[in-house]
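End of the sequence shown sits at 382 in the working numbering; the numbers just go up one at a time, nothing left out.
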Amino acid sequence: MSSPNPILTTIIFIFAAQAIILGILLLAKRPRSQSQIFLSLLIFFFALMALNIALVNVLSSYNMMDTFRYVQLELLYGIGPALYFYTKSITDNDFKFSKKDLIHFVPLLLEFIFYRTAFYRLGADGLYQTQPHPYTKFYLAEQWLGILSITIYSIISLLVLFRYQIWLKQRFSNLENKSLHWLKAPIIIYSVFWIGWMVLTEIDRFVFDRDLRDAYFLPTFVGLAIVTYWIGFKGYLKARTETSGYSSKKNISEDNIHNPAWAEKITEVMESQKPYLDSELDLTKLSKLVNLNPKQVSHTINRSFSKNFYEYVNSYRVEAFKQLAAKPENKKLTLLGLAFDCGFKSKSTFNDVFKKTTGTTPSEYVNQLKKESEKKQSVAS
């Protein structure tokens, strides 16, 4: 066990307690959704872990660990399912948690029972003894299986999130408040945290005889407590984020027939009516303009232009920006102002799309235009 540190321990207590409060507020928020329930569970599991670490370090200095082991909880096996079902709930309109899904939480129940046995109490204490207790191997096996559970569920959650991102780009030209990018960070952080933690502790145990424990133990859990508070705060603000009609169910479509005339019709509307100047343009709006259904438009854009809807519409916006930037009367206008005039909705999206489309940043492109203009003027004079 690491040496008690009043400052770090206090930080852990504060952020972990605030995270639990945010979890309670999420449950109290109306109307309550299943995504709020799972996010609240996720926050609770991680905050409980951080609180346990802080308590262990305080009570160990008073030789009270024998008593504390009877009530200590480290609910590793609830983290993965809570993260997965939260991701499913916030991305998939059709997902409803059912009784059969409770099977994912059976390992959590078994873990709870395990913590009430001598296998845990003696095994956990034996980890810090010169001669490990025979039960320590059972404790380590339980811990590693918990890390494996978190990692597997984290990977699955990322795959669900990536599928959602792909779906968005087939239907929307701007992804602000829809992409759930903020959710990627905690998924990755939580997965990497536990893998790194177990590897680090094992290296410390076998190579350095636990001499490094004071340097990394409490600081690591300070970071965990802060991240848990952050995801709780962010999740509370995003609790009512809509999933934009996404469904993981596959619909059998008879509209995937390739028709070159549809591509010509879409191109004609895009060039004549310039609907891409509308920052809220989505697949449904464009489909009404070309008198086709959304599946036909989406399939045509994918097949005829080798782009998804997001890439297709924004390619027109990039060209519109280049035309405006080339006009002398627009030199005094900001690049972001011109981008908004072309249908972009945020600076980050504009910069990202422009760089991917042209291979240069907007400022580099405009500077190149200026150099070419100055060169022409120099030759003319």
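Every residue gets a Cβ at the ideal spot worked out from N, C-alpha and C, and that includes glycine.
- Going by DSSP, D353 is part of the alpha helix (DSSP H) stretching over K348 to T359.
- L225 and G127 have their C-alpha atoms some 25 Å from each other.
- In this structure, the CA atom of I38 is about 27 Å from the CA atom of W145.
- Positions of the alpha helix (DSSP H) runs, each at least 4 residues long and wholly inside the stretch 303-340, are given as 310-326 in order along the chain.
- In its chain, beyond the 5 residues on either side, K170 and Q171 have a beta carbon closer than 6 Å to the beta carbon of N309.
- Taking C-beta atoms as the reference points, Y277 and R304 fail to come closer than 9 Å.
- In this structure L77 touches S150 by the C-beta definition: roughly 7 Å separates them, less than 8 Å.
- Measuring C-alpha to C-alpha distances from A18 to each of A29, L336 and I227 identifies I227 as the nearest.
- In this structure Y230 is buried. Its beta-carbon is surrounded by 16 or more other beta-carbon atoms within 10 angstroms.
- By the neighbour-count criterion, in which 16 or more other beta carbons inside 10 Å mark a residue as buried, L334 falls on the exposed side.
- Per the DSSP secondary-structure output, D102 pairs with nothing in a beta bridge.
- DSSP places D215 in the helix class (H, G or I) of the three-state scheme.
- In this structure, DSSP gives D283 an extended state, which the three-state scheme calls strand.
- Rounded to whole angstroms, the gap between the alpha carbons of L56 and I12 is 12 Å.
- Collapsing the DSSP output to three states places F139 in a helix.
- Contact check for S307 against L336 fails: the beta carbons are separated by 9 Å or more.
- Sequence-distant partners of L9 (beyond 5 residues in either direction) whose C-beta falls short of 6 Å from its own C-beta, in its chain, are L219 and V223.
- Separation of A262 and S273 (C-alpha to C-alpha, rounded to the nearest whole angstrom) is 16 Å.
- Looking at the DSSP output, F173 shares a beta bridge with D283.
- The stretch 80-92 makes contact with the stretch 155-163; the number of CB pairs closer than 8 Å reaches 3 or more.
- Nearest in C-alpha terms to N94, of all of F194, Q35 and R214, is Q35.
- Secondary structure note for E112: its alpha helix (DSSP H) is the uninterrupted segment V107 to F115.
- Three or more pairs of CB atoms, one per stretch, sit closer than 8 Å, so the stretch 263-271 contacts the stretch 279-298.
- Just measuring C-alpha positions, the residue of L238, N58 and K332 sitting nearest P7 is N58.
- At a Cβ-Cβ threshold of 9 Å, G81 and E112 do not count as neighbours.
- For T118, the three-state secondary structure derived from DSSP is coil.
- Separation of the CB atoms of K346 and S299 is rounded to 21 Å, and the pair is thereby denied contact status at 8 Å.
- The C-alpha of E330 lies about 42 Å from the C-alpha of Y165.
- Rounded to the nearest whole angstrom, the C-alpha separation of K275 and C343 is 10 Å.
- Between the alpha carbons of Y366 and A327 lies a distance of about 10 Å.
- Short of 7 Å from the beta carbon of T221, and not among the five residues preceding or following it, lie these beta carbons of its own chain, in chain order: W198.
- By the neighbour-count definition (other C-beta atoms within 10 Å, threshold 16), M65 is an exposed residue.
- Note that the C-beta distance between L184 and L213 is not below 9 Å.
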